[in-house]
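Peer 1:
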Amino acid sequence: MADFDDIKFTFLYIDLYSMGKDWYYPESRIPYNMLRYIVRGEAEFFIDGEKIHVKQNDIVYIPHGCNLSCCMLSDSFEFYSIRFITSFFWEGRDVLKEYYGLQSVIEARGEEIYFEEIYKWIKSKHVAKKSFIRGYLYILIASLSTRGVSGCTQANVKDTGEYDLEKIVFRELKCNKIDSRIRIVADYITLHPEEKFTPEKMAQMIGLSKQRFSSLFKENMGKSPMEYAKEIKLSTAARKLLVSTDSVNEIAYSVGYGDPNYFIREFKNAFGCTPNRYRTEAKEL
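According to my numbering, the sequence shown holds residues 1 to 285 in order.
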């Protein structure tokens with residue numbers, strides 16, 4: 001099974017938003033993770049119905065799949081917002097909160113510099129751009145994790161003597177490493193989203209039968225190999241929609257979709273809106 005220490009964080013987008021008086025964001029389902037740093041002002045965020053008061057110098061963690069709405073409480077409101085996804089999805093559980101200890105809201109103690117640096121590098125054309133963005137995102141999450149309450153080591157897990165299935169799964173997910181063969185395939189998919197993948201092709205990469213590979217991949221990654229490949233393709237497309245001016249058709253082809261209409265349907269199923277609307281709404285969040 002997967003070790004959470006092997007989770008990869010894929011950056012999607014960052015922007016600095018300045019909202020005028022009476023700004024309100026209606027409830028929407030969020031198809032990625034977000035970290036927001038409040039530069040100035042106050043607001044109320046409602047995350048799955050829970051009201052959270054945020055103010056200047058707070059960092060807010062907004063998990064994938066939650067329902068979010070916001071309303072401001074001051075004359076002006078400004079915040080950085082980072083969008084990202086994780087390489088592992090744990091059905092019904094929040095890995096970043098339960099394993100890494102991320103809190104819904106926490107006062108920044110220097111972490112604002114990571115938001116500023118990512119925002120600076122996203123506008124750069126330097127060859128090192130992606131490395132800096134990826135590095136600062138990882139450091140930001142690590143820094144917030146050290147300030148949370150995490151049960152990430154066996155020494156910190158209190159044994160109550162109850163061994164229900166959920167606890168066994170949780171322990172196994174934490175304590176076992178991703179199979180090196182599966183890691184090779186997962187990394188290859190991430191680096192080559194434009195390729196057309198099949199279970200047979202991926203299994204051949206590491207010399208396994210299709211059935212054994214598919215079973216081992218799901219055991220390690222929490223999803224089937226084709227689900228994983230589709231998620232990587234669509235998250236790559238989402239990032240391109242936000243950081244480039246390429247057309248939807250061009251982006252569809254660049255992530256291995258020969259039929260742009262099929263790509264649009266797949267994208268809408270994953271993100272809840274069409275690619276064009278996703279790109280437009282990025283400026284409104």
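Quick reminder that beta carbons are idealized off the backbone N, C-alpha and C, glycines included.
Flag this pair as yes or no: are the beta carbons of V255 and E194 separated by less than 8 Å?
Peer 2: For the purposes of this step, residue 255 is taken as residue 255 along the sequence shown, with counting starting at 1. For the purposes of this step, residue 194 is taken as residue 194 along the sequence shown, with counting starting at 1. Cβ distance < 8 Å, so V255 and E194 count as in contact.
Peer 1: Shortest alpha-carbon distance to S247 belongs to which of E27, F11, R265, N276?
Peer 2: As a working mapping, residue 247 is identified with position 247 in the sequence shown. Checking every option, the nearest Cα to that of S247 belongs to N276.
Peer 1: Can you tell me whether DSSP reads I38 as helix, strand or coil?
Peer 2: Looking up residue 38 in the sequence shown gives position 38. DSSP places I38 in strand when its eight states are reduced to three.
Peer 1: Please state whether the Cβ-Cβ distance between A238 and L68 is less than 8 Å.
Peer 2: To locate residue 238, count along the sequence shown from 1; it is residue 238. To locate residue 68, count along the sequence shown from 1; it is residue 68. Result no, Cβ atoms of A238 and L68 do not sit closer than 8 Å.
Peer 1: Could you give the distance in angstroms between the alpha-carbon of G258 and the alpha-carbon of A252?
Peer 2: Here the question's residue 258 lines up with position 258 in the sequence shown. Here the question's residue 252 lines up with position 252 in the sequence shown. Looking at the two C-alpha atoms, the distance is approximately 7 Å.
Peer 1: Taking C-alpha atoms, which residue in R265, R183, Y114, F77 lies nearest to M221?
Peer 2: Translated into the one-based positions of the sequence shown, residue 221 becomes position 221. The option with the nearest alpha carbon to M221 is R183.
Peer 1: Classify L33: buried if its beta carbon has 16 or more other beta carbons within 10 angstroms, exposed otherwise.
Peer 2: Against the sequence shown, residue 33 aligns to sequence position 33. A quick correction: the sequence has Asn, not Leu, at residue 33. Classification of N33: buried, given that the 10 Å Cβ count is 16 or more.
Peer 1: For the beta strand (DSSP E) holding K51, just list the boundary residues, first then last.
Peer 2: What you label residue 51 is simply residue 51 of the sequence shown in a count that begins at 1. Note, K51: beta strand (DSSP E), 50-55.
Peer 1: Counting along the chain, where does the beta strand (DSSP E) carrying D75 start and finish?
Peer 2: One-based indexing of the sequence shown puts residue 75 at position 75. Neither: D75 is in no beta strand (DSSP E) and is coded neither H nor E.
Peer 1: Beta carbon of D58, beta carbon of K21: below 8 Å?
Peer 2: Residue numbering aside, residue 58 sits at position 58 when the sequence shown is read from its first letter. Residue numbering aside, residue 21 sits at position 21 when the sequence shown is read from its first letter. Cβ distance not < 8 Å, so D58 and K21 don't count as in contact.
Peer 1: Of the choices E111, K55, I264, S124, whose alpha-carbon is the least far from that of F77?
Peer 2: Residue mapping note: residue 77 aligns to position 77 of the sequence shown, counting from 1. Cα-wise, what sits closest to F77 is K55.
Peer 1: What does the Cβ neighbour count give for Y99, buried or exposed, with the cut at 16 atoms within 10 Å?
Peer 2: If you number the sequence shown from 1, residue 99 lands on position 99. Buried is the call here.
Peer 1: Below 6 Å CB to CB, which residues in the same chain sit around F213 once its five sequence neighbours on both sides are set aside?
Peer 2: For the purposes of this step, residue 213 is identified with residue 213 of the sequence shown, where counting begins at 1. Excluding sequence neighbours, F213 sits near A203.
Peer 1: Buried or exposed: which applies to R265, given that a residue is buried once 16 or more other Cβ atoms fall within 10 Å of its Cβ?
Peer 2: Taking the sequence shown and counting its residues from 1, one reaches residue 265 at position 265. Exposed: under 16 other Cβ atoms inside 10 Å.
Peer 1: Given that a residue counts as buried once 16 or more other Cβ atoms are within 10 Å of its Cβ, and exposed if not, what is P225?
Peer 2: By one-based count along the sequence shown, residue 225 stands at place 225. P225 is buried by the Cβ-count criterion.
Peer 1: Can you check which of these residues, I178, N269, Y25, E227, is closest to E281 by C-alpha distance?
Peer 2: If you number the sequence shown from 1, residue 281 lands on position 281. If we check each option's Cα against that of E281, Y25 comes out closest.
Peer 1: Per DSSP, which residues does D58 bridge with? Please list them.
Peer 2: For the purposes of this step, residue 58 is identified with residue 58 of the sequence shown, where counting begins at 1. In DSSP, D58 forms a bridge with E107.
Peer 1: Using only the alpha-carbon positions, how far apart do E219 and V185 sit?
Peer 2: Locating residue 219 in the sequence shown gives position 219, counting from the first residue. Locating residue 185 in the sequence shown gives position 185, counting from the first residue. Distance between the alpha carbons of E219 and V185 is about 14 Å.
Peer 1: Name the DSSP bridge partner or partners of F45?
Peer 2: Along the sequence shown, one-based indexing puts residue 45 at 45. Beta-bridge pairing links F45 to I52, C70.
Peer 1: Measuring alpha carbon to alpha carbon, tell me which residue in T146, F263, H126 is nearest N249.
Peer 2: By one-based count along the sequence shown, residue 249 stands at place 249. Among T146, F263, H126, the Cα nearest to that of N249 belongs to F263.
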